[in-house]
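Visitor:
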Amino acid sequence: MIKLIVAMTGERLIGNGNKLPWKIPAEFKHFKETTMGHALLFGKNTFLGLPKKLPGRKHYVLSSNVVEGADEMIHNNEELMELFAKYKDSEEILFIAGGKSVYEKYAEYADEWIISYIWGVYTGNVYLDIKPSNYSKEGVVTHDNFDVVTYRKL
Numbered sequence: 001m002i003k004l005i006v007a008m009t010g011e012r013l014i015g016n017g018n019k020l021p022w023k024i025p026a027e028f029k030h031f032k033e034t035t036m037g038h039a040l041l042f043g044k045n046t047f048l049g050l051p052k053k054l055p056g057r058k059h060y061v062l063s064s065n066v067v068e069g070a071d072e073m074i075h076n077n078e079e080l081m082e083l084f085a086k087y088k089d090s091e092e093i094l095f096i097a098g099g100k101s102v103y104e105k106y107a108e109y110a111d112e113w114i115i116s117y118i119w120g121v122y123t124g125n126v127y128l129d130i131k132p133s134n135y136s137k138e139g140v141v142t143h144d145n146f147d148v149v150t151y152r153k154l
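What the sequence shown shows, in full-length UniProt numbering, is residues 1 to 154, in sequence order.
1. Could you tell me the alpha carbon to alpha carbon distance between L40 and V126, rounded to whole angstroms?
2. Who are the Cβ neighbours of F84 in its own chain at under 7 Å, not counting the five residues just before and after it?
3. If I measure Cβ to Cβ from I24 and keep anything under 6 Å in the same chain, skipping five residues before and after, which residues do I get?
4. Do you know how far the Cα of S136 is from the Cα of W113?
5. Can you grab the Cα-Cα spacing for the pair I96 / K88, in whole Å?
6. Does the distance from the C-beta atom of H38 to that of R12 stay below 8 Å?
7. Can you tell me whether DSSP reads K53 as helix, strand or coil?
8. Assuming A62 and K44 are in contact, meaning their beta carbons sit under 8 Å apart, how far apart are those beta carbons, in whole angstroms?
9. So, under 8 Å CB-CB, G124 and N18 are touching, yes? Tell me the CB distance rounded to an integer number of Å.
10. Along the alpha helix (DSSP H) that carries H30, what are the first and last residues, could you check?
11. State the DSSP-derived secondary structure class of V102, mapped to helix, strand or coil.
12. Kindly indicate which three-state DSSP category K8 falls into: helix, strand or coil?
13. Reducing DSSP to helix, strand and coil, say where K3 ends up.
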């Protein structure tokens, strides 16, 4: 199965450069618990912006260049489509995990979207232009500083 996971404000802000505009430990915990034991797909800049490699998860990195620390490189669209085919009807889960261009180009391949809507106003310069219009809202879990909304493809 392919899932998309992202945290954003109501204004669709997702980043400030290659960093998150907020530090919300409960949201980091949600990301960790949701993705643990699964595979993650990152663009190069997002992967390089991580403070460290995330333990307990396989890291695919989409880039035409070799990126040190990636478990596996995805060099082109053909390789990416092969990766999506591998996970599409599998019980194994691949999370599309950013950044902006990866989300915007490949969101439609996800069977499920998991969006943390962050409460409050934050400063940043990276906004996401995707909306779950071909997805139905399946559930909402409210936390202290954010809501997690799950959408499933129609």
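Positions of the beta carbon are idealized from the N, C-alpha and C atoms, including for glycine.
Guide: Reading off the structure:
1. Cα-Cα distance, rounded: 20 Å.
2. I2, Y109.
3. The beta carbon of I24 lies closer than 6 Å to those of N145 in the same chain, with the five residues before and after it left out.
4. Taking the straight line from one Cα to the other gives about 10 Å.
5. Going by the C-alpha atoms only, they are around 12 Å apart.
6. Going by beta carbons, H38 and R12 fall outside the 8 Å limit.
7. Looking at K53 - three-state DSSP - the assignment turns out to be coil, as it is neither helix nor strand.
8. Before going on, a small fix: residue 62 reads as Leu here, not Ala. Contact between L62 and K44 is confirmed by a C-beta separation of about 7 Å, below the 8 Å threshold.
9. With 8 Å as the limit, G124 and N18 do not qualify as a contact, their Cβ atoms being about 11 Å apart.
10. Boundaries of the alpha helix (DSSP H) around H30: 25–35.
11. Residue state, collapsed to three classes: helix.
12. With the sequence shown as reference, residue 8 is identified as Met, and Lys is not the correct amino acid for it. When secondary structure is reduced to three states using DSSP, M8 falls in the strand class.
13. Under the three-state reduction of DSSP, K3 is assigned to strand.
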